[in-house]
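Trainee: First, the structure itself, so that you have it in front of you.
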Amino acid sequence: MKTTALDDAYRLLDASLMFYQGRPVGTAAANDPKGPAAENYRECFIRDFVVSGLVFLADGKVEIVRDFLLAALEVTEREHGNPEQTIHPSVMPASFRIRHDALAERLEGDFGERAIGRVAPVDSVLWWTLLLCATVQASGDRALAARADVQRNLKRVLALCANDAFEVYPTLMVPDGAFMVDRRMGVYGHPLEIQALFYGALRRALHYVERTPENRRLIALGEQRLANLRDYLRRFYWLDLQRLSAIHRFPTEEYGGTGSNLLNIHPESIPEWVTEWLPEEAGYLVGNLGPGRMDFRFFSQGNLLAILFGLTTVRQATRIMSLIEARWGDLVGAMPLKLCFPALSGEAWRLLTGSDPKNAPWSYHNGGNWPVLLWPLVAAALKSGRRPLAERAFEVAAERLPQDRWPEYYDGKGGRLIGRHANLCQTWSAAGLILAHKLLEDPSLLSLLPE
Ligand code: GLC
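Each residue of the sequence shown is one higher than the one before, counting from 15 in my numbering.
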């Protein structure tokens with residue numbers, strides 16, 4: 015069964031390759047002509063490609079990943095070189111496609127102007143940086159990191175620390191839908207996934223950016239931000255029963271330099287579900303945090319990436335894994351893994367999603383189960399010494415995914431139904447299973463995404 019699933023996944027991955035000037039430079043997000051928004055999914059998304067890219071690196075196919083990195087960079091440089099461009103200078107495209115004109119081929123990026131909801135893909139430059147460093151790590155090709163255009167892009171990550179936005183926290187402030195959840199879901203502000211990616215990418219960028227006098231200021235800012243971000247996340251995003259009790263008894267309206275409730279979180283905002291749901295000896299990083307606002311929802315990818323990038327302490331990592339184990343039915347269920355828990359419903363769904371039917375309760379981003387999240391689950395479990403948990407999740411996915419033809423996501427509280435509007439033949443569902451398998455076979459691959 016396992017071999018058939020992997021063969022099938024590789025067939026899908028190969029079929030998704032996109033060619034530019036005769037060379038593979040990316041993978042289409044899905045190969046489902048009947049799927050919703052089929053045109054959109056024919057593009058190569060930066061965040062989706064990272065999963066394919068890690069598989070290619072593990073298979074020694076460094077060229078494809080290198081060509082992808084440079085293609086995405088070419089589109090970015092062209093955009094930022096245009097005197098009329100108005101987008102933020104650190105943004106990379108969400109996706110790109112290959113345009114075939116009468117005489118030539120052309121790479122065309124989407125910086126949010128075509129994407130559904132016209133959202134800003136803040137995570138693209140962060141994922142790109144992580145994949146770049148994995149490529150250098152896998153190939154030893156330091157010349158790639160030293161290229162002038164690559165160095166300029168690494169500086170785009172550091173420049174995010176230069177405080178040119180209206181920020182007071184070390185976290186990065188973004189609009190709704192700036193990452194994997196690319197539509198309105200009440201995830202504006204300081205969502206965990208962006209913070210984890212920012213931390214991982216900033217750390218890698220600092221490692222590879224040249225230590226020139228010209229870069230000195232940005233490097234100092236970056237190092238400072240990294241340390242502050244880590245301490246802030248570990249302290250203020252962390253939630254376990256002890257911390258929940260403290261929040262439950264928080265004093266409010268504290269003015270001045272000290273106090274225990276710096277963000278003025280009102281105990282009345284603690285949702286009922288969390289008190290019952292949070293097991294003893296477990297914990298997690300909350301989904302979002304801002305003034306007077308703690309989003310108690312559990313977002314899987316942010317928590318898992320935080321473990322992988324060493325943003326959590328070892329004790330916190332253990333406790334996040336214990337949460338997944340203790341709440342297996344809620345979080346893993348019939349298909350690893352739920353994107354977030356619990357779903358928004360009723361008035362909260364109406365107000366926070368703008369009554370989005372695609373994000374109906376327990377569907378899609380709103381509590382749907384996403385096979386692509388298997389690989390970070392397996393990676394984080396292996397890193398935290400919880401191999402049996404990783405194996406168990408892998409078996410669940412390997413059994414169903416080929417049978418169901420690699421859906422993009424699953425619906426329902428237990429993730430038992432193929433998503434109502436899900437594409438089939440979704441590339442990162444297949445690449446995610448291959449990557450999870452490779453990690454289980456050879457955990458040293460974790461070094462591609464080092465702390
Ligand atoms: C959806 C997902 C997004 C993904 C894209 C392509 O828009 O929300 O995370 O990158 O599809 O698969």
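Where a beta carbon is used, it is the ideal one built from N, C-alpha and C, also for glycine.
Looking only at C-alpha atoms, which of Gln-209, Thr-367, Phe-408 and Leu-117 sits nearest to Leu-454?
Mentor: Phe-408
Trainee: At 3 residues or longer, and completely inside the segment 414 to 465: list those beta strand (DSSP E) runs for me, N to C.
Mentor: none
Trainee: To the nearest angstrom, report how far apart Cys-147 and Gly-306 are at their CA atoms.
Mentor: 37 Å
Trainee: Using three-state DSSP, classify Ile-112 as helix, strand or coil.
Mentor: strand
Trainee: Just list the alpha helix (DSSP H) runs in the segment 28 to 56, keeping only unbroken ones of 4 residues or longer that don't cross its boundaries, in chain order.
Mentor: 52 to 55
Trainee: Looking at Ala-43 and the ligand GLC, is the gap between the Cβ and the nearest heavy atom below 7 Å?
Mentor: yes
Trainee: Can you give me the Cβ contacts of Glu-268 inside the same chain, cut-off strictly under 8 Å, excluding the 5 residues immediately before and after it?
Mentor: These residues qualify, in order along the chain: Ser-274, Asn-275, Leu-276 and Asn-278.
Trainee: Report buried or exposed for Arg-231, applying the criterion of at least 16 other Cβ atoms within 10 angstroms of its Cβ.
Mentor: exposed
Trainee: Asp-22: beta carbon under 7 Å from a heavy atom of the ligand GLC?
Mentor: Not a single heavy atom of the ligand GLC lies less than 7 Å from the C-beta of Asp-22.
Trainee: Does the distance from the CB of Val-150 to the CB of Ala-219 come in under 8 Å?
Mentor: no
Trainee: Compare the Cα-Cα distances from Glu-207 to each of Asp-73, Cys-354, Lys-372 and Gly-446 and report the closest residue.
Mentor: If we check each option's Cα against that of Glu-207, Cys-354 comes out closest.
Trainee: With 16 other CB atoms within 10 Å as the buried threshold, where does Gly-74 fall?
Mentor: exposed
Trainee: Check for me: the alpha helix (DSSP H) holding Arg-80 runs from which residue to which?
Mentor: 76 to 95
Trainee: Where do the N-terminal and C-terminal ends of the alpha helix (DSSP H) with Tyr-298 fall, by residue?
Mentor: Unbroken run through Tyr-298 is the beta strand (DSSP E), 297 to 299; no alpha helix (DSSP H).
Trainee: Any idea which residues DSSP pairs Asp-245 with across the strands?
Mentor: Paired residues: none, contrary to the question.
Trainee: Let me know if Glu-295 comes out buried or exposed under the rule of 16 or more other beta-carbons within 10 Å of its beta-carbon.
Mentor: Exposed, since its Cβ has fewer than 16 Cβ neighbours within 10 Å.
Trainee: I'd like to confirm the pairing. Which residues does DSSP put opposite Leu-20 in its beta bridges?
Mentor: Looking at the DSSP assignment, Leu-20 forms no beta bridge with any residue, so it has no partner.
Trainee: With a CB to CB cut of under 6 Å and the five nearest residues on each side skipped, what residues in its chain are close to Arg-311?
Mentor: Gly-301 and Cys-354
Trainee: By Cβ distance below 6 Å, which residues in the same chain neighbour Pro-293 in space, the five residues on each side in sequence not counted?
Mentor: Ala-340
Trainee: Is there contact here, the segment 68 to 82 with the segment 120 to 127, by at least three beta-carbon pairs under 8 Å?
Mentor: no
Trainee: Is the segment 316 to 328 in contact with the segment 242 to 260, if contact means three or more CB pairs nearer than 8 Å?
Mentor: Yes: the two stretches touch, three or more of their Cβ pairs being nearer than 8 Å.
Trainee: Comparing the CB of Glu-245 with every heavy atom of the ligand GLC, is any distance shorter than 7 Å?
Mentor: The question names Glu, but residue 245 is Asp in the sequence shown. No, since every heavy atom of the ligand GLC falls outside the 7 Å radius drawn around the Cβ of Asp-245.
Trainee: Are there any heavy atoms of the ligand GLC lying less than 7 Å away from the beta-carbon of Tyr-55, as far as the coordinates show?
Mentor: yes
Trainee: Kindly list the residues whose CB is nearer than 7 Å to the CB of Arg-80, restricted to its own chain and excluding five residues on each side of it in sequence; keep chain order.
Mentor: Short of 7 Å from the beta carbon of Arg-80, and not among the five residues preceding or following it, lie these beta carbons of its own chain, in chain order: Thr-149 and Leu-158.
Trainee: Rounding to the nearest angstrom, what Cα-Cα distance links Gly-304 and Ala-118 in this structure?
Mentor: 48 Å
Trainee: So, is Glu-57 buried or exposed, given that buried needs 16 or more other C-beta atoms within 10 angstroms?
Mentor: buried
Trainee: Fully enclosed by the segment 202 to 285, which alpha helix (DSSP H) runs are 4 residues long or longer?
Mentor: 206 to 222, 230 to 246 and 255 to 262
Trainee: Less than 8 Å between the CB atoms is what I'm expecting for Arg-299 and Pro-350, so what's the real figure, rounded?
Mentor: Before going on, a small fix: residue 299 reads as Leu here, not Arg. In fact, because the Cβ distance is near 19 Å, the residues do not count as touching under 8 Å.
Trainee: Starting from Asn-317 and walking both ways along the alpha helix (DSSP H), at which residues does that stretch end?
Mentor: Taken as a continuous stretch (DSSP letters only), the alpha helix (DSSP H) holding Asn-317 covers 314 to 322.
Trainee: What is the DSSP secondary structure of Arg-161, reduced to helix, strand or coil?
Mentor: coil
Trainee: Looking at Asp-425: is its Cβ nearer than 8 Å to the Cβ of Arg-434?
Mentor: yes
Trainee: Would Lys-397 be called buried (16 or more neighbouring beta carbons within 10 Å of its own) or exposed?
Mentor: buried
Trainee: DSSP has Ser-377 in a bridge; who is on the other side?
Mentor: Looking at the DSSP assignment, Ser-377 forms a beta bridge with Asn-380 and Gly-381.
Trainee: Report all residues from its chain with a CB closer than 8 Å to the CB of Asn-229; omit the five preceding and five following residues, and keep chain order.
Mentor: Hits under 8 Å: Lys-169, Leu-172 and Val-223.
Trainee: In three-state DSSP terms, what is Val-188?
Mentor: strand
Trainee: Measuring alpha carbon to alpha carbon, tell me which of Leu-84, Ala-116, Leu-140 and Ile-101 ends up nearest Ser-161.
Mentor: Correcting the residue type first, residue 161 is Arg in the shown sequence and not Ser. For the residues Leu-84, Ala-116, Leu-140 and Ile-101, the minimum Cα distance to Arg-161 belongs to Leu-84.
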